[in-house]
Structures are given as structure tokens and as C-alpha cells.
Amino acid sequence: MSEESMECEPIVSKKKIFASLLFIPGFYLMVLFTTALIVFVGSGLIFIIHYFVGEFLGELGFAYFGLILIDALPFFGMIFGVVSCFIAIISMFFKNKQFEPAILINPHDHPKLRDLISELSEKMNTQMPDSIILHVKSNFFVSEGKIIVFNGIAKGRILAISYPLLHILSVNELRAIIAHELSHFTGRDLVFNRFVSPVYKGANKYLDYITSLFNHNGRRRPIFISIPMILPNLLMKYYLKIFHKFNMKISREMEYRADFIASKMCGNENFKEALSKLISHGNVFNRLIDEQMTEKIVHGFQFENYFSYYRENVESYKKQIEESLGKALSNSEAEYATHPTLKNRIINLPNVDTKYDDNEKALELINSFDYLEVSMTKHYNYYLNNNSMHF
0 MSEESMECEP
10 IVSKKKIFAS
20 LLFIPGFYLM
30 VLFTTALIVF
40 VGSGLIFIIH
50 YFVGEFLGEL
60 GFAYFGLILI
70 DALPFFGMIF
80 GVVSCFIAII
90 SMFFKNKQFE
100 PAILINPHDH
110 PKLRDLISEL
120 SEKMNTQMPD
130 SIILHVKSNF
140 FVSEGKIIVF
150 NGIAKGRILA
160 ISYPLLHILS
170 VNELRAIIAH
180 ELSHFTGRDL
190 VFNRFVSPVY
200 KGANKYLDYI
210 TSLFNHNGRR
220 RPIFISIPMI
230 LPNLLMKYYL
240 KIFHKFNMKI
250 SREMEYRADF
260 IASKMCGNEN
270 FKEALSKLIS
280 HGNVFNRLID
290 EQMTEKIVHG
300 FQFENYFSYY
310 RENVESYKKQ
320 IEESLGKALS
330 NSEAEYATHP
340 TLKNRIINLP
350 NVDTKYDDNE
360 KALELINSFD
370 YLEVSMTKHY
380 NYYLNNNSMH
390 F
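Per numbering that gives the first Met the number 0: the sequence shown ends with 390, consecutive numbering throughout.
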């Protein structure tokens with residue numbers, strides 16, 4: 000992207016999308032190739048073992064028994080490689096259950112929020128989300144499918160709104176962020192992700208299985224088992240690295256497009272402020288909620304309403320928030336990052352005047368927020384307590 004603000008909507012290259020989709024059949028070919036390589040290397044290793052054992056120990060009585068034992072090691076590796084191939088391919092057709100620390104809300108219980116989202120959806124020519132969830136952490140996103148949350152299952156087109164940032168953002172700024180998220184629906188970004196995400200899942204599943212032959216629970220496997228896996232492991236990692244790097248370029252282009260649309264809809268100053276708050280306050284909040292709530296749990300206590308506690312003490316975190324923003328603005332673009340840097344995103348916003356004048360806190364869009372906060376704190380206490388028990 001250019002160093003000057005964009006005046007034309009950035010377009011995600013169709014050639015790049017097509018090239019990325021070619022990685023999907025390429026993955027199947029890579030899995031079959033590396034599996035065949037495992038069989039080839041394993042067979043060659045068995046032949047070499049046969050030759051040397053027969054050449055140097057052939058006259059000893061125990062040589063034949065030893066030969067069987069040694070041959071069994073690479074043979075086991077070969078079988079494991081073939082099984083890993085089938086598991087990786089089959090796993091691509093089964094979607095993992097996704098959980099988010101959030102609560103599902105009924106939009107009709109929060110008419111101001113519902114009307115804001117409905118108005119934006121209509122202006123952007125997209126459908127109103129089927130489900131709206133309030134996220135415990137600083138996390139805005141859209142998704143399609145099913146997400147398990149604390150109080151049920153969100154289904155269909157899902158919009159996640161960061162609850163803790165509602166007292167930081169104005170209604171103007173929240174509108175800009177939601178416009179950004181809805182842009183991922185209009186750009187069919189989720190359709191693209193639906194195609195490429197199984198490749199990540201299959202490749203990582205394959206790598207998990209074949210690398211488990213190198214060591215298990217910190218204990219190294221016999222070398223003759225892992226030798227057939229060495230080259231296939233390196234090839235699959237390299238393939239996944241190229242695939243990921245390519246997709247992250249597309250992901251950043253999608254983010255630039257969503258930023259552009261949000262600025263056009265709501266004004267670049269609104270979106271700039273919203274983005275800066277989302278990153279600076281969000282990074283601090285995400286760290287503190289886990290640290291402070293876990294510390295309470297360890298000492299046998301719990302917060303009744305963490306969100307109220309954070310609001311009351313937010314001024315004491317001012318230095319941390321400023322440092323978080325400074326760090327975000329100084330970050331360099333990473334080739335494997337899903338999002339552009341904050342600096343690049345701000346630079347590339349179009350010059351559009353503010354179109355709304357709703358400067359009240361976005362939290363005012365939520366009815367009975369005290370009750371929701373207590374409920375979310377209780378659920379998250381339980382969530383953290385359960386997770387800490389597994390360590």
C-alpha cells in the first residue's frame with residue numbers, strides 16, 4: 000500500500016486469491032508425495048539394514064532375530080506416515096468446535112445497539128448478523144457457522160463485539176469498527192477463509208503426527224523410526240510456510256479494504272480513534288483481566304464485577320495504555336501478520352469527514368449492563384479456574 004492516504008477502494012487481487020486457492024489441491028498432492036517419500040525412504044532403510052546385517056552378522060545365530068527387530072522400526076515409521084496421511088486428509092472435512100469467552104445476546108433486548116447494526120447493514124447492502132455476541136476481551140470479529148459461548152451457541156452470520164471497550168469507545172467509534180467488520184461479509188472474505196482454513200488444519204495435523212515420531216513427551220524416539228520422517232517433515236513445513244505467507248498478504252489486503260469502507264461510512268477520524276483505542280486499550284485490558292482475575296482465584300477470591308473494577312481504575316493504567324499505543328505505532332510490518340501495522344492502517348485511510356455526531360459512550364447502547372457484567376465475570380472466573388486446574 001502507498002504511503003499516502005487512499006482515495007480509491009483497495010481491491011483484493013483476484014489473481015492472488017486464485018493462486019492461493021491452488022494451494023488446496025497442492026496440499027493433497029504434497030501429502031501424497033511426502034507419504035510416498037516416507038515409504039520410499041523407509042523401504043530403502045530396511046534394504047540397507049538387511050544388507051549390512053547380512054554382510055557382517057550373517058553367520059551369528061542371533062542375527063536374524065536382531066534383523067527383524069531393527070527392520071520393525073522403520074516399518075513402524077512407514078505405517079505411521081501412511082496413517083498420518085489419511086488422518087490429515089479426513090480431518091479437513093470435520094470442523095473443530097470453536098469456543099469464545101463471550102455471551103450471546105438477544106438484539107431485541109438492546110434496541111439502540113440493534114438499530115445501529117441494522118442501519119449499517121442496510122447502508123452496506125448486507126444482511127443483519129444472525130447472532131451477536133459480547134466478548135469478554137478486546138476482540139471484534141465476524142464469523143460464519145457455530146461458536147460455543149458461555150450461555151449457548153451462536154449460529155449463522157456472527158458478529159462479536161468487545162464488551163470491555165464499550166466504555167472506552169464512543170458510539171461514533173463503535174459504528175466505525177462494526178462497519179469494518181461488516182465489510183468482511185460484503186467482501187466475501189469469510190468465504191475465502193472457509194476454503195483455505197482446512198488446509199491449515201490438515202497440514203498441522205499431518206505435521207503433529209509425523210513429528211511425534213521424533214519425540215514423545217520429551218523422550219526421543221529410536222532414530223530408525225524417525226529417519227523416514229525427516230525429509231517429509233521439512234517439505235511440509237516449507238509448503239505450509241509459503242502458503243501461510245501468501246495468505247497473510249491477502250489477509251492484509253482485506254483489512255485495508257475493510258478500513259477504507261469503514262472510513263467512507265463513518266469518517267476517517269472516527270475510525271482512526273477507534274482503531275487506536277482498540278489496540279492500545281485492548282492490549283492492556285487483555286493482559287490485566289487474566290493477571291488480576293487469576294491472582295484472585297489463586298488466593299481463593301473472585302471478582303464480582305471485573306468490568307466495573309477496570310472502569311474505576313482505568314486512569315491508573317494510563318501509562319501502560321500510552322506505551323501500548325507507542326509500541327503499536329512503531330511496529331514494523333511482519334510478513335506473517337494477519338493485519339497491517341497500526342501506522343500503515345492510519346496512513347492509508349481515505350480523507351473523509353465525520354458523518355455522525357453520536358459522542359456518548361457506546362456502553363449506553365447496552366441495557367442492564369450491570370447484570371451482564373456480573374454474569375460475564377462469573378462465567379470468566381469459572382473459565383479461568385478450570386483452565387488453571389489443567390496446568
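Cβ atoms here follow ideal geometry from the backbone N, Cα and C, with glycine treated the same way.
All figures in this text were calculated on a predicted structure; none of them were measured in a lab.
Here methionine 127 has Ile116, Ser117 and Ser120 as same chain residues with Cβ atoms under 7 angstroms from its own Cβ, once five neighbours each way along the sequence are excluded. Scanning its chain for C-beta atoms nearer than 6 angstroms, with the 5 sequence neighbours on each side dropped, one finds around phenylalanine 284 the residues Ser137 and Pro163, in chain order. By the neighbour-count definition (other C-beta atoms within 10 Å, threshold 16), isoleucine 47 is an exposed residue. According to DSSP, residue pairing for phenylalanine 98 in a beta bridge involves Ile147. Excluding sequence positions up to five before and after valine 40, its CB lies within less than 6 angstroms of the CB of Pro227, all in the same chain and listed in chain order.
In terms of Cβ geometry, asparagine 203 and glycine 266 do not form a close pair [threshold 9 angstroms].
For histidine 243, the enclosing alpha helix (DSSP H) covers residues 229–265. Between the beta-carbon of asparagine 385 and that of isoleucine 296 there is about 10 angstroms, and that puts the pair past the 8 angstroms contact cut.
Taking all protein chains in view, the Cβ of aspartate 352 is surrounded by fewer than 16 other Cβ atoms within 10 Å, so the residue is classified as exposed. Closest by C-alpha distance to glutamine 97, out of Ala87, Phe139 and Lys145, is Lys145. Just measuring C-alpha positions, the residue of Gln301, Lys354 and Glu363 sitting nearest histidine 378 is Gln301. Taking each of Leu341, Tyr370 and Ile160 in turn and checking the Cα distance to glutamate 332, the smallest one comes out for Leu341. For histidine 134, the three-state secondary structure derived from DSSP is strand. If you check the CB distance, phenylalanine 194 and isoleucine 23 come in under 9 angstroms.
Annotation: the continuous alpha helix (DSSP H) that includes glutamine 319 extends over 317–329. Going by beta carbons, serine 19 and phenylalanine 245 fall inside the 9 angstroms limit.
Leu234 is the residue among Leu234, Tyr381, Pro100 and Asp258 whose C-alpha sits nearest the C-alpha of leucine 36.
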